[in-house]
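Novice: I'd like to ask some things about the structure below.
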Amino acid sequence: MTDTQIRILDARTTGELLPFGPLVATLRQAFAEGCVVPVRHHHTIANSGEPDATLLLMPAWHETHRSERYLGIKIVTVFPGNTLRGIPGLTSTYMLYDGRTGMQLALLDGNTITTRRTVAASAVAADYLARKDAHRLLVIGAGRVASLTPDAYRAVRPIAHVDIWDIDPASAERLAQSLRQRGLQATAVTDLEAAVRQADIVSAATLAAPLIRGAWLRPGTHVDLIGGFTPAMREADDEALRRSSVYIDTHEALHEAGDLVQPIRAGVISADAVRATLDELCSRDVPARTSNDEITLYKAVGTALADLAAATMVYEAALIAG
Numbered sequence: 050m051t052d053t054q055i056r057i058l059d060a061r062t063t064g065e066l067l068p069f070g071p072l073v074a075t076l077r078q079a080f081a082e083g084c085v086v087p088v089r090h091h092h093t094i095a096n097s098g099e100p101d102a103t104l105l106l107m108p109a110w111h112e113t114h115r116s117e118r119y120l121g122i123k124i125v126t127v128f129p130g131n132t133l134r135g136i137p138g139l140t141s142t143y144m145l146y147d148g149r150t151g152m153q154l155a156l157l158d159g160n161t162i163t164t165r166r167t168v169a170a171s172a173v174a175a176d177y178l179a180r181k182d183a184h185r186l187l188v189i190g191a192g193r194v195a196s197l198t199p200d201a202y203r204a205v206r207p208i209a210h211v212d213i214w215d216i217d218p219a220s221a222e223r224l225a226q227s228l229r230q231r232g233l234q235a236t237a238v239t240d241l242e243a244a245v246r247q248a249d250i251v252s253a254a255t256l257a258a259p260l261i262r263g264a265w266l267r268p269g270t271h272v273d274l275i276g277g278f279t280p281a282m283r284e285a286d287d288e289a290l291r292r293s294s295v296y297i298d299t300h301e302a303l304h305e306a307g308d309l310v311q312p313i314r315a316g317v318i319s320a321d322a323v324r325a326t327l328d329e330l331c332s333r334d335v336p337a338r339t340s341n342d343e344i345t346l347y348k349a350v351g352t353a354l355a356d357l358a359a360a361t362m363v364y365e366a367a368l369i370a371g
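Shown next, in the form of structure tokens:
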């Protein structure tokens with residue numbers, strides 16, 4: 050498994066070793082197999098004159114029956130006030146260890162691990178939940194995660210056109226231009242309602258108030274909510290939850306995701322409305338969609354299982370590459 054050298058892998062190298070096709074396959078297997086994932090440490094950091102910051106500690110490790118065992122922990126800081134400074138609001142580092150000895154193996158770029166595993170996990174979920182012929186994708190948001198969403202979805206669906214909406218139209222246009230330069234047909238849009246009504250898949254990666262209205266969703270749409278990660282954050286309204294067959298990445302979403310916490314608290318839906326978690330979908334490995342008219346909704350808050358799977362993939366590929 051190891052050599053004596055501690056690998057330090059920067060963002061570029063980490064990203065190059067996580068191509069979406071193999072990453073989607075790796076995550077599918079990892080969710081089916083499972084690992085030990087303690088409850089994440091979630092700390093609020095007061096920041097005078099700015100929104101509160103967040104510190105997340107996300108450990109995970111393989112169980113003893115696995116032939117190659119790893120242990121990893123991601124340290125994440127989220128500082129919303131950085132937006133005004135023109136710097137990223139989220140920073141993370143991933144540390145990987147030998148699961149048998151505890152010896153450190155690698156230090157990886159946590160931001161790259163997070164963004165790529167987040168959109169790849171959404172693609173895994175969509176492979177069970179989106180229509181097989183889904184080809185028009187709407188991305189809501191134009192940040193780091195949103196920019197990779199089309200590439201991840203192309204690993205599982207025949208995406209032919211991507212619409213981009215962002216609260217800042219200039220940011221949407223920049224992302225659309227970047228996607229066009231990569232050979233995708235992409236358009237920046239300003240009418241969010243019209244874009245939602247036309248989309249086969251709606252993927253939101255924002256920290257904004259509810260943007261997706263359930264009344265806008267046409268039959269057969271798949272909704273992917275990956276931006277909000279606290280009980281106060283929402284990307285879709287109550288009607289979207291009410292009309293959808295709901296799936297989640299982990300059970301923690303029931304306690305951490307405002308898109309679930311708030312409608313459950315208000316009695317709009319119950320926790321029993323959740324059909325399955327991503328590990329259950331991967332273990333069954335069969336399509337969960339029941340008809341072409343069903344509206345499906347996947348809510349993710351992220352899991353250390355996916356981080357560990359991605360970090361392990363990077364480390365083992367780095368060993369092979371020398």
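Take the sequence shown: its position 6, counted from the start at 1, is 55 in this note's numbering, and no numbers get skipped. Quick reminder that beta carbons are idealized off the backbone N, C-alpha and C, glycines included.
By DSSP, does Val-127 sit in helix, in strand, or in coil?
Specialist: Three-state DSSP puts Val-127 in a strand.
Novice: Can you tell me whether Pro-137 is buried or exposed? The criterion is at least 16 other CB atoms within 10 Å of its CB, across all chains shown.
Specialist: Label assigned to Pro-137: exposed.
Novice: Which whole-angstrom value describes the C-beta separation of Ala-360 and Leu-145, a residue pair presumed to lie in contact below a C-beta threshold of 8 Å?
Specialist: Yes, they are in contact, since the Cβ atoms of Ala-360 and Leu-145 sit about 5 Å apart, within 8 Å.
Novice: Is the distance from the Cβ of His-271 to the Cβ of Arg-203 below 9 Å?
Specialist: Contact: no.
Novice: State the Cα-Cα distance for the pair Ala-191 and Ser-97, rounded to the nearest angstrom.
Specialist: Between Ala-191 and Ser-97, the C-alpha separation is close to 28 Å.
Novice: Within the stretch 278 to 308, note down every full beta strand (DSSP E) run reaching 3 residues or more, in order along the chain.
Specialist: You should have 294 to 297.
Novice: Looking at C-beta atoms only, is the number of pairs between the stretch 345 to 364 and the stretch 283 to 298 that lie closer than 8 Å three or more?
Specialist: With the cut-off at 8 Å, the stretch 345 to 364 and the stretch 283 to 298 touch.
Novice: When burial is assigned at 16 or more other CB atoms within 10 Å of the CB, is Ala-258 buried or exposed?
Specialist: So Ala-258 ends up on the exposed side.
Novice: If you measure between the beta carbons of Asp-212 and Ala-175, is that distance less than 9 Å?
Specialist: It is not a contact, given that the beta carbons lie outside the stated cut-off.
Novice: Given Leu-106, which residues of its chain have a CB within under 7 Å of its CB, disregarding the five upstream and five downstream residues?
Specialist: Closer than 7 Å at the Cβ level, and outside the excluded window around Leu-106, lie Arg-89, His-90, Ile-122, Ile-124.
Novice: Span of the beta strand (DSSP E) holding Asp-212?
Specialist: Taken as a continuous stretch (DSSP letters only), the beta strand (DSSP E) holding Asp-212 covers 210 to 214.
Novice: Exposed or buried, what is Thr-369 when buried is set at 16 or more other beta-carbons lying within 10 Å of its beta-carbon?
Specialist: The amino acid occupying residue 369 in the given sequence is Ile; Thr does not appear at that position. Counting Cβ neighbours within 10 Å, Ile-369 comes out exposed, since fewer than 16 surround it.
Novice: Would you give the residue range spanned by the alpha helix (DSSP H) that Ile-162 belongs to?
Specialist: Unbroken alpha helix (DSSP H) run through Ile-162: 159 to 178.
Novice: Could you round the C-beta distance between Ala-235 and Leu-241 to whole angstroms and report it? I think they count as a contact, below 8 Å.
Specialist: That pair is no contact at about 16 Å.
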